[in-house]
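Okay, so here's the structure we're looking at.
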Amino acid sequence: MTDPSPAPAPTDRREFVKCASCAIGGAIGLLPMAAGVYVAIDPIRQGGGPSSVGDGFLRLAMLEDLPVGGAPVKFSIVSDKADKWSRYSQVPIGAVYLQQTKPGEVVAFNTVCPHLGCFVDYRASQKDFFCPCHNSNFNLSGALLSGVSPRGMDTLEVAVRNGREVWVKFQTFKANQAEKIPANS
Ligand code: FES
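Residue numbers for the sequence shown follow numbering that gives the first Met the number 0, beginning at 0 and rising by one.
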């Protein structure tokens, strides 16, 4: 489907290139951060890739991986990808922050900034989320505290199954719009 929005102005193009660069850099940067990041390649140490049941949900963690009331934990999402020319096996396609706010209650945020797509950091010293591209920051509930983002961080659907398995429906959303609209709609 054709995107009806006008072509970006030169400034917007520069912003896009900058954010695309940081997104790529961020994706590469995720790899060496193994100490602080759980990767969904083998989410609950049972072998194989991310578990999926075909309803769009991925099994990313167990409740015991997430401290109750503690800091958000970042999980990379990896998946097979294909384009016209190539197939790629188990490449990073995004990441989520998970927080167990109360026993058995988990919230999930896409780590991509709703403004122009940079990756949002968790700042332990401030106990907030911060996007370094244009200085937007968000509280731990994902609400915008300050900055240019048109909306708060994008929440994702979470299901706790079989008592302790944390499943997340990973989605991306259109950037720089006040409403949260799935990217593929
Ligand atoms: S990309 Fe602009 S504030 Fe995050």
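Positions of the beta carbon are idealized from the N, C-alpha and C atoms, including for glycine.
When distances are taken from the beta-carbon of Gly93 to the heavy atoms of ligand 1, even the shortest one reaches 7 Å or more. When rounded, the separation of the alpha-carbon atoms in Leu97 and Trp84 is 34 Å.
In terms of CA proximity to Cys112, Ser135 leads the group Leu144, Leu139, Ser135, Arg163. Assigned with DSSP and collapsed to three states, Leu139 falls in coil, not helix or strand. In this structure, the C-beta of Ser145 stays at least 7 Å away from each heavy atom of ligand 1. In the displayed model, Asp120 falls within a strand according to three-state DSSP. Residue environment: Gly162 is assigned as exposed (fewer than 16 neighbouring CB atoms within 10 Å of its CB, all protein chains considered).
With distances taken between CA atoms, Asp153 lies nearest to Thr110 out of Asp127, Thr110, Arg160, Arg122.
In the three-state DSSP reduction, Asp64 falls in the helix class (H, G or I).
In this structure, Gly116 has its CB closer than 7 Å to one or more heavy atoms of ligand 1. The beta carbon of Ser75 sits no closer than 7 Å to any heavy atom of ligand 1. Counting of Cβ neighbours within 10 angstroms places Ile76 among the buried residues, the total reaching 16 or more. Taking Val95 as reference, the option from Arg160, Glu178, Ala60 with the minimal CA-CA separation is Ala60. Taking all protein chains in view, the Cβ of Gly68 is surrounded by fewer than 16 other Cβ atoms within 10 Å, so the residue is classified as exposed. Ligand 1 never approaches Ser78 closely enough for any of its heavy atoms to be under 7 Å from the residue's Cβ. In the DSSP assignment, Lys73 falls within the beta strand (DSSP E) that extends over 72–81.
Taking a 10 Å sphere around the C-beta of Gly116, we find 16 or more other C-beta atoms and assign the residue as buried. Separation of the CB atoms of Asp127 and Leu139 is rounded to 7 Å, and the pair is thereby assigned contact status at 8 Å.
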